[in-house]
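Count the sequence shown with the numbering used here and you get residues 2 to 964, in order.
Read the structure below first, then the notes.
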Amino acid sequence: MNFPGRGFSLQLLIALAIMLSTLVLGGVLAYQGYRGIEQALVAASGDSAHQLSRTINERAQRLIDPALSSIRLMAYDPISQAKDLPERLERLPLLVASLNANKMLSAVYVGYPNGEFLLVRVLRDDSVKQHLQAPPGSAYLVQSISLGENGQYQGAWRFYDPQLALLKNEIKADYRFDPRTRPWFSGSMDSTTTVLTKPYVFFTTREIGLTLSQRSVDGAAVLGMDASVNDLGGEVEDLRMTPGTEMAVVDSASNVVVYNDLQRVVVKDGESLRLSRLNELGVESLDWLYANPDDGTGPKRFRAGGQDWYGMQVPLSTFTQHDVRVLIAVPASELLMGARQVLLEQALWAGALIALLLLVGWYLARRIGQPLQALTQQVRGLASFDFGRPVGVESRITEVRELSQVLGSMSRTINNFQAITLTLSRETHLDNLLSSVLTQLVDATAVSGGAVYLYGDDADTLRLTAHCRGDQYPAELHLAVDSASDLDTAVAQALNSDAQHLAVALNDRSGQLLGLLVLQLGPTQQQAGGVQQPFRRFVQELSGAAAVAIETRQLIESQQRLLDAIIKLLADATDAKSPYTGGHCQRVPQLAEMLIDKVIAAQSGPFAHYTMSEMERYEFRIAAWLHDCGKVTSPEHVVDKATKLETLYNRIHEVRTRFEVLWRDAELDYWKAIAAGDDPQAAQEALQRRQAVLQEEFAFIANANIGGEFMRDEDVERLQQIGARRWFRHFDNRLGLSRDEAERLAAVPPTTLPAEERLLADRADHLVPWGERKPPVDKHDPRNLWGFDMRLPAQAYNFGELYNLGIRRGTLTDEERFKINEHIVQTIIMLNTLPLPRNLRRVPDIAGNHHEKMDGTGYPRRLRKDDMSIAERVIAIADIFEALSAADRPYKPAKTLSESLKILSAMARDQHIDAELFRVFLVSGVYREYGEQFLRREQLDEIDIQSYLAALDEVAGLSRNVS
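Pasting the structure below:
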């Protein structure tokens, strides 16, 4: 039969059937559940009402029982035999103790047949004290009626403090009270049991309560107690079933005894107070209940006040002598709220069940009708190169299940091969690469285990580089084989294992043997008599790719080792070039790495979250080793310049020769004077004076040449005076010159010999122009591609004799100091010309910015702190500390740790170095660790680290105030 048009999916039909069935079933169950819950809630409300009445009974009984016990005990007290007021007051402590033992009692009293009366009232409420005009500190009031000697009754009020000390005794002539006229007295005189009155409003305290009275055992008096039931109002409030529940306790006269709003229970009736009538509350639901007595059928449903109610009334057994009932009315909307909530929850559960069953139906439909369609979709995924998605379809059809298993195995194998390819292309460490590839290969081929052996420096020994599961492979193998077949046998013998292994040679592109791939075969790779050939070919092809990757990684690692060696060689050459550098380029990287390790390890402070990747660490290490590579361009005669007149040699010898000439001139003048007939003695003295002056002047110039002391203005002026001396040159100064010297003299007119010259002079040929070697350090120089911002001297060198001797401090001229500082410029330029890989692109900045200062006054770019990375600032501190503490500099003595740290502290204060990094330098103890490795013992003095930290805190505080 042919059904044209679009058909229905089995999944959809099953899901719809389950959904409709669940909807019908859920609707019926929800309706029946709602009706059942409604009936159960109504029945439960009746039970709750009875339980509530029992609870009120129990709580009322708990209020009254202590008073009953107290009054029954007092029936035996001798106060009933007391003849007069003093005797009765002796029992005052007992009466007070009864009041204090039960907080519900407000008064205890005794009435006598002769009309005398004694009442003790506890004064707990301030309003009652004010009403009674009690003196301050009053705790109790004793009211008494006594029969005087004249036969007249006399009233008195006595106020006592908590310790029963009398505060006030007041005679009340108008206090007239005859207990014999009271119902509690007359009722108890005729009864041997305790009499309980109906609840009423106490006149004095305005509380709602009742009176308990009992005749004394000897019948000589009647004792009474007033007990408050106000707390029952709070109890009723707490026992309400729902927020809208109305509850009240009423007596047979519809007087409201207990209601949750006490202010509405007590009302004024003229000058007195009385209990409110139920209809005066204005609660329609309670009025209806009182007007319709309970018929014992349970809660009644009625309508009052515009809404439906469920209500019932239950008598209170505590008040057996009086008809007292509890009226309870509950709004139907609140009572049935739970049922409606359950109905909603059932609807939600039904919806969830429908959704769940819909999914189950959909799943069953897929299991029953679409296994082949699922396989088709999965095969399409494989055709789309999606090998990461798991392939597998459960079906009772054997062929479909087997096909699913085969496709799944193929997908996992291809996915593992992709992972192997990715590892071969991305992993940078050879050991990690071999371990990852071997693990993935073992998983992909389902072998029992494997190992990789590579040749080390010893070409005859294979060393275990990686292994995964399988046998315990030896650390070394010694093999001598000629063919692949021999390789399996040789490996099996070397491993001394009963398991079968496949050994494949790892050859580089030139055919050179790199090592072996050894796999411990599983049952699927074995066949009778040997390894399956397809599996061997596959492993050999895969090993070829692995061998190329191994060769590449070995080449990269060897090149990296070569690069590191060349970098260290350059640093060693820079150090060896001049004793003024010493081991600076060797020690700064080690100190910098010590400090950066402490910065990374910081758990708090500004560097708590600072980290470095492995490549960033390598970049930092390279930059530290290259930080002074530009010094290879610094002229040695400038770096090593120990005296002011030194260029390629110390020109003080040339000056001394001129003094020798002047010395000879003085001797010639002496002999000329003798020859002219002058007095020999006078001529000799003149010669000696002249030569003494020459000796002193040369000593002054020689001392100035050393540069050990600051040159004062008068010293510079004296240099000018000495330099003004004249001498005669008889030889041509243009002979034997280099090309550069000849070019500089070409612009100077030659002089006729003999030529008179100054002893010390700044000549034009002393100026060496920049020419084409002018460095691009001016920020406006178009050749400046690196952001340099340095002041460039007008000349490359100035060899002027007076100019050099007049150097105020040290031995270097401005031109020579620039030439030394230029090493950092050359460092940046040289490193930027290198074809650095991306992960080393920051090396020029890290290496070249260690002479910058945090306040922007450093060189060569005038960078500020925010312009520099943490790595750059670390090298700056390492560079300065090494230079300060180095003991191998010929131009200065070695500074101690304290001297070096004092200078660094001042630099941190002046914002020349990073203060927070200097704090890490101090707190971590890097300075001490470095000193113990590289400094002399006498340099390791005691350090007051707290003083430096306090200075840093002061700097930090000033910085915050400025900001």
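Ideal Cβ positions, reconstructed from N, Cα and C, are used throughout, including at glycine.
Since the model is a prediction, treat every value here as computed from it, not as a measurement.
A756 is bridged by DSSP to R730. Under the 10 Å beta carbon count, W672 is surrounded by fewer than 16 other beta carbons and is classified as exposed. Linking L950 to E933 through their CA atoms gives a straight-line distance of about 22 Å. Residue pairing for W310: DSSP places it in a beta bridge opposite F303, P332. Boundaries of the alpha helix (DSSP H) harbouring F699: 681-707, taken from the DSSP string.
Closest in alpha carbon position to A566, among E617, W626, Q513, Q314, is W626. In this structure, D295 sits away from A333, with a CB-CB distance that is not shorter than 7 Å. Below 8 Å, enough C-beta pairs join the segment 544-556 and the segment 508-515 to call them touching: three or more. Collapsing the DSSP output to three states places G156 in a strand. Assignment of G450 by DSSP, reduced to helix, strand and coil, places it in the strand class. Cβ contact annotation for L522 (same chain, cutoff 8 Å, sequence separation greater than five): V448, S449, A500, Q501, H502, L503, V532, in chain order. Rounded to whole angstroms, L106 and W350 show a C-alpha spacing of 56 Å. The Cβ-Cβ distance between V921 and V589 does not fall below 7 Å. Boundaries for H132: no beta strand (DSSP E) harbours it, while the alpha helix (DSSP H) harbouring it runs 127-133, taken from the DSSP string. The alpha-carbon separation between A907 and A957 amounts to approximately 14 Å. Under the 10 Å beta carbon count, G788 is surrounded by fewer than 16 other beta carbons and is classified as exposed. In summary, S71 is buried, with 16 or more beta-carbon neighbours lying within 10 Å of its beta-carbon over all protein chains present. Taking all protein chains shown into account, P836 has fewer than 16 neighbouring C-beta atoms within 10 Å of its C-beta and is therefore exposed. Nearest neighbour of D324 by Cα position, chosen from A330, E930, T198, turns out to be T198.
Within the segment 84-153, complete beta strand (DSSP E) segments of at least 3 residues are found at 106-112, 118-123, 141-148, given in chain order. For the 7 Å CB-CB criterion, R122 and L142 form a contact. With respect to the 7 Å criterion, H851 and H628 are classified as neighbours on the basis of their beta carbons. Partner residues in a beta bridge of S511, as assigned by DSSP, do not exist. A contact is defined here as three or more CB-CB pairs under 8 Å, and the segment 270-287 meets this definition with respect to the segment 242-249. The DSSP-derived three-state label of S229 is strand. With a cutoff of 7 Å on beta-carbon distance, L224 and V111 are scored as near each other. In this structure the segment 730-746 does not lie against the segment 703-711, because fewer than three pairs of beta carbons, one per stretch, are closer than 8 Å.
Residue state for P67 is assigned as helix, using DSSP reduced to three classes.
In this structure, L96 is the residue among Q164, L96, L86 with its C-alpha nearest to the C-alpha of Y77.
DSSP, reduced to helix, strand and coil, places Q604 outside both helices and strands of the structure shown, so it counts as coil. Around Y176, the same chain offers G156 as residues with beta carbons nearer than 6 Å, after the five sequence neighbours per side are excluded. In its chain, beyond the 5 residues on either side, A916, R920 have a beta carbon closer than 6 Å to the beta carbon of L953.
Rounded to the nearest angstrom, the Cβ distance from F186 to I146 is 13 Å, too far for a contact under 8 Å. Per the coordinates, the alpha-carbon of G307 lies some 10 Å from the alpha-carbon of E285. Taking C-beta atoms as the reference points, D815 and P838 fail to come closer than 7 Å. Per DSSP, reduced to three states, the secondary structure at M613 is coil, with no helix or strand assignment.
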